[in-house]
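Chains as they are written, first to last, in our numbering: chain A, 36 to 356; chain B, 18 to 61.
Here a beta-carbon is modelled for each residue, glycine too, at the ideal position from N, C-alpha and C.
Everything numeric in this text was worked out from a predicted model, so none of it was measured.
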Amino acid sequence: MKSLKKALAWSETNEPDLVLIDYVMPDIDGLEFIERFRAIHKSYQEIPVMILTGDIDNIVSHKGLIFDINDFLIKPIDEDELFTRIKKLLLFRECQIESSDHMKWLEIEIRKERIELIQSEKEMVLRLSKAAEHRDPETGQHLLRMANYSRLIARELGLSECEQVLILEAAPMHDIGKIGTPDMILLKPGRLNEEEFFIMKQHAVSGYNILSNSYSLLIQTASIVALNHHEKFDGTGYPNALKGEEIPFYARIVAVADVFDALTSERPYKKAWSLDDASQFLRDNSGSHFDPKCVEAFFKAWDDVLEIHALYQDDVIVDSI
Amino acid sequence: MNHRVLIVEDNVSTLSLFNRLLKKAISNVECFCFEESEKSIGMV
């Protein structure tokens with residue numbers, strides 16, 4: 036038993052390429068040894084094992100299958116047969132190692148490609164948002180603030196870290212459809228008349244058309260937000276007059292963040308509202324314009340809202356989300 | 018490629034046979050032998 040323990044202890048720090056073991060030994064048999072050996076590390080489950088026995092009866096075969104024995108050799112041992120089998124098992128081990136190394140290399144390459152792809156996607160989103168920004172009196176800081184407010188709401192609603200990042204990155208594209216809105220309407224300093232407002236409302240559908248049918252989850256999410264961020268909880272919004280939970284969840288979140296920031300920002304046609312007044316507007320319209328859960332979540336994160344409001348001021352240039 | 022072969026055998030003559038065969042037939046092989054009897058030949 037002492038030597039078997041020594042063999043197992045040695046195996047804990049040394050990974051062999053092949054194990055040759057006798058089935059019949061004092062105290063524990065070869066299969067029990069292999070069971071303990073396989074349990075040392077996950078990678079040990081693949082190391083070839085050949086068991087030597089003078090009696091390959093059904094029980095040994097059955098147990099051997101359970102413990103994943105690669106080969107049996109019957110005593111008395113034929114030297115040529117032993118040599119051939121050992122060569123075969125070591126070649127098998129070489130192939131295993133090469134295959135494992137190749138898999139690791141492939142994993143690293145795929146990870147690199149994925150990082151590049153994600154970066155390209157983020158860059159495209161930023162450039163698209165900037166393109167819309169050039170045609171819109173709203174500033175880039177507005178996009179940063181409302182995106183970060185959206186993330187805070189998502190966080191308070193218990194969404195996962197991945198979902199929070201998704202909404203953070205998708206939210207800035209909510210008004211991408213304004214690219215197609217005529218300047219005379221988009222930049223008009225006064226109130227829009229009925230016809231102008233009808234045209235202005237098209238930006239939700241235009242944004243959806245620009246972003247929809249993407250393979251990217253981020254762009255898909257952005258398309259849903261673009262289409263639905265002007266829907267109202269009581270069904271009086273546009274473009275589809277969706278009501279309550281018919282409105283996609285992310286769009287309900289973005290609606291709160293977007294309106295709060297629009298109210299507290301100065302625009303060519305209006306002065307910035309105070310934080311108190313804008314907060315009161317959200318409370319007054321909770322359940323009619325906004326999802327009450329999203330409004331409640333927004334105020335739960337109020338200290339962080341104030342930090343974001345102070346960090347992304349309109350006269351401070353911050354170029355990333 | 019170097020190979021490490023772990024041999025667990027309580028029969029000294031079989032152990033010697035494995036050791037001899039492996040070293041003779043396969044290049045770059047390291048054998049680590051453990052046996053059960055008092056007549057341990059230890060690591061090779």
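Original post:
Between which two residues does the alpha helix (DSSP H) carrying arginine 302 of chain A extend?
Top reply: Looking at the DSSP string, arginine 302 of chain A is not in any alpha helix (DSSP H), and its letter there is neither H nor E.
**OP:** Identify, in the order they occur along the chain, each residue of the same chain with its Cβ nearer than 6 Å to the Cβ of valine 260 of chain A, setting aside the five sequence neighbours on each side.
**Re:** Ala205, His209, Tyr285, Ala286, Val289
Original post:
Taking DSSP as the reference, what is the three-state secondary structure of methionine 85 of chain A?
Top reply: If DSSP states are grouped into helix, strand and coil, methionine 85 of chain A belongs with the strands.
**OP:** Within its chain, find whatever has a CB closer than 6 Å to the CB of leucine 55 of chain A; leave out the 5 residues flanking it on each side and keep chain order.
**Re:** Met85
Original post:
Going along the chain, which residues of its own chain have a beta-carbon closer than 8 Å to the beta-carbon of aspartate 312 of chain A, five neighbours each way excluded?
Top reply: Leu298
Subject >> Cβ-based neighbour list, methionine 235 of chain A, same chain, cut-off 7 Å, excluding 5 preceding and 5 following >> reply: Non-local C-beta neighbours of methionine 235 of chain A in its own chain, meaning closer than 7 Å and more than five positions away in sequence, comprise Thr216, Ile220, Leu227, ordered along the chain.
Original post:
Which word fits asparagine 49 of chain A, buried or exposed, when buried means at least 16 other C-beta atoms lie within 10 angstroms of its C-beta?
Top reply: exposed
Subject >> Contact with chain A by leucine 23 of chain B, beta-carbon distance below 7 Å >> reply: yes
**OP:** Using the Cα positions of asparagine 36 of chain B and leucine 117 of chain A, report the straight-line distance between them to the nearest angstrom.
**Re:** 12 Å
**OP:** Reducing DSSP to helix, strand and coil, say where aspartate 218 of chain A ends up.
**Re:** helix
Original post:
Is it true that the CB of alanine 167 of chain A sits closer than 7 Å to the CB of lysine 213 of chain A?
Top reply: In terms of Cβ geometry, lysine 213 of chain A and alanine 167 of chain A form a close pair [threshold 7 Å].
Subject >> Spatial distance of leucine 246 of chain A from leucine 253 of chain A (CA atoms) >> reply: 10 Å
Original post:
Under a CB-based cut-off of 7 Å, is leucine 38 of chain B close to chain A?
Top reply: yes
Original post:
Is it the case that the Cβ atoms of alanine 239 of chain A and proline 274 of chain A are separated by a distance below 7 Å?
Top reply: yes
**OP:** Please classify arginine 21 of chain B: does DSSP put it in a helix, a strand, or coil?
**Re:** Arginine 21 of chain B falls in the strand class under three-state DSSP.
Subject >> Neighbourhood of cysteine 329 of chain A by C-beta distance below 8 Å, restricted to the same chain and skipping five residues each side >> reply: Ile188, Leu192, Arg287, Ile288, Ala290, Val291
**OP:** Specify the secondary structure class of aspartate 106 of chain A as computed by DSSP and reduced to three states.
**Re:** strand
**OP:** Give me whichever residues DSSP pairs with isoleucine 3 of chain A in a beta bridge.
**Re:** With chain A running from 36 to 356 in the structure shown, residue 3 of chain A is simply not present.
Subject >> Whole runs of the alpha helix (DSSP H) within the region 249 to 300 of chain A, excluding any shorter than 4 residues >> reply: Fully enclosed alpha helix (DSSP H) runs of 4 or longer: 252 to 263, 284 to 298.
Subject >> Under 7 Å from the C-beta of aspartate 52 of chain A: neighbouring residues of chain B >> reply: His20, Arg21, Val22
Subject >> Whole-angstrom distance between histidine 344 of chain A and leucine 178 of chain A, CA atom to CA atom >> reply: 12 Å
Original post:
Secondary structure at serine 247 of chain A, three-state DSSP: helix, strand or coil?
Top reply: coil
Original post:
To the nearest angstrom, how far is it from the Cα of isoleucine 112 of chain A to the Cα of isoleucine 150 of chain A?
Top reply: 55 Å
Original post:
Is it true that the CB of tyrosine 304 of chain A sits closer than 7 Å to the CB of tryptophan 224 of chain A?
Top reply: One detail in the question is off: residue 224 of chain A reads as proline in this sequence, not tryptophan. The answer is yes: Cβ separation under 7 Å.
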